[in-house]
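Take a look at the structure below.
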Amino acid sequence: MAKLVIEARQSEKHYWADLWRYRELFLILAWRDVAVRYKQTVIGIAWALLQPALTVVVFTILFSRLAKLPADGTAPYPLMVLAGMLPWQFFASALSASSQSLIGNSALISKVYFPRMIVPVGTVVTALIDFLITCVLLFGMMAYYRFVPGLAVLLSPLFVMIAFLAALGPGLLLTALTVRFRDFRFVVPFLVQFGFFVSPVGFSTAVIPERWRLLYSLNPMVGVIDGFRWALLGGQSRIFPTGLAISLATVVFFLVVGIWYFRRTERTFADII
């Protein structure tokens, strides 16, 4: 009598092929997250624009008016802050959502087999959609200040992709750890808050003393934010090649570790969750 066994494929080749085979599920989960995020809210998707706008106002008052921190070149300080806020907000939102994604889909994971990586990747894509919406605010502010970006703006999608990978690696690691150790539900918000204050969102990396700049660049978002600002503000914002290289190396490191640990523990998720 034939025996049918349903289990996750063990071959790496088959696993990555499964990710493509289940692409429709990936799209469904991503679209569901987008639809649910602003459901039953009064102003709906406008929240994606209101939050960074209010943050820029607060940062301008605290850092520019009170702390007297300089802007990059002659670029308006609010524009510099927003150019740093958008990639950081994308990273923070993607990291927070992806770290809780498997727990939030426990009913689906415990009943049906599919490559579990689809779930955290889908949450990062949802955060990317929010990022694209908030870019409307950025372009509107550029028009207000009559600031015209140079040709370097064509490289901005590259830094967005780096931000995507920067969120995906730790997101995969943290979501796998959260399944096994629920304490990480409390650790992740602290890490995001701490990362916000040590990332160059409200200030330029140029204010960091040069002797500490390489160590500071171990934060993967330093290179992303500096690169995104440089692409948008051109010569008004500085980019530090060595610091960018260190940030990229950190992104690659966490991406490799995140994928490795996620794949190592993936087959146990349905039993633990």
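Okay, so the sequence shown: first residue is 318 according to the numbering used here, each after it adds one.
Glycine residues also receive a C-beta, built at the ideal position from the N, C-alpha and C atoms.
Predicted model, so just to flag it, every value in this text is computed and none were measured.
9 Å Cβ cutoff met for residue i and residue j
| i | j | result |
| --- | --- | --- |
| Ala-411 | Val-436 | no |
| Pro-404 | Phe-448 | yes |
| Leu-550 | Met-458 | no |
| Gln-417 | Thr-492 | yes |
| Gly-544 | Leu-475 | yes |
| Ala-444 | Ala-484 | yes |
| Ala-480 | Phe-407 | yes |
| Pro-506 | Ser-413 | yes |
| Ile-591 | Val-524 | The requested residue 591 is not part of the displayed model; the chain covers only 318 to 590. |
Neighbour-count burial assignment, residue i, 16 or more Cβ in a 10 Å radius
| i | result |
| --- | --- |
| Leu-489 | buried |
| Tyr-394 | buried |
| Val-453 | exposed |
| Gln-327 | Below a pLDDT of 50, predicted positions are generally treated as unreliable, and Gln-327, at 49, falls in that range; no measurement from the model is reported. |
| Met-478 | exposed |
| Leu-468 | exposed |
| Pro-487 | buried |
| Pro-526 | exposed |
| Val-398 | buried |
Spatial neighbours of residue i in its chain, beta-carbon cut-off 6 Å, leaving aside the 5 residues before and after
| i | result |
| --- | --- |
| Leu-494 | Phe-501 |
| Ser-423 | Ile-590 |
| Trp-547 | Ser-554 and Ile-556 |
| Glu-324 | Model confidence at Glu-324 stands at a pLDDT of 49, short of 50, so the residue's coordinates are unreliable; what they give is reported in the following sentence. Hits under 6 Å: none found. |
| Gly-439 | Phe-343, Leu-346 and Ala-347 |
Nonlocal neighbours in the same chain, by C-beta distance under 7 Å from residue i, ignoring five residues either side
| i | result |
| --- | --- |
| Val-351 | Thr-443 and Ile-446 |
| Thr-559 | Leu-531 |
| Phe-586 | Leu-419, Ile-426, Arg-433 and Val-496 |
Original post:
Taking the runs of the alpha helix (DSSP H) that are 4 residues or longer, which of them lie wholly in the stretch 342-426?
Top reply: Here the runs fully enclosed are 364-376, 394-416, 418-421 and 423-426.
Original post:
Using 8 Å as the threshold, is the stretch 425-435 in touch with the stretch 370-379, meaning 3 or more CB pairs across them?
Top reply: The stretch 425-435 is not in contact with the stretch 370-379.
**OP:** Examine the Cβ distances between the stretch 518-536 and the stretch 560-578 and report whether three or more of them are shorter than 8 Å.
**Re:** They touch, by the three-pair rule.
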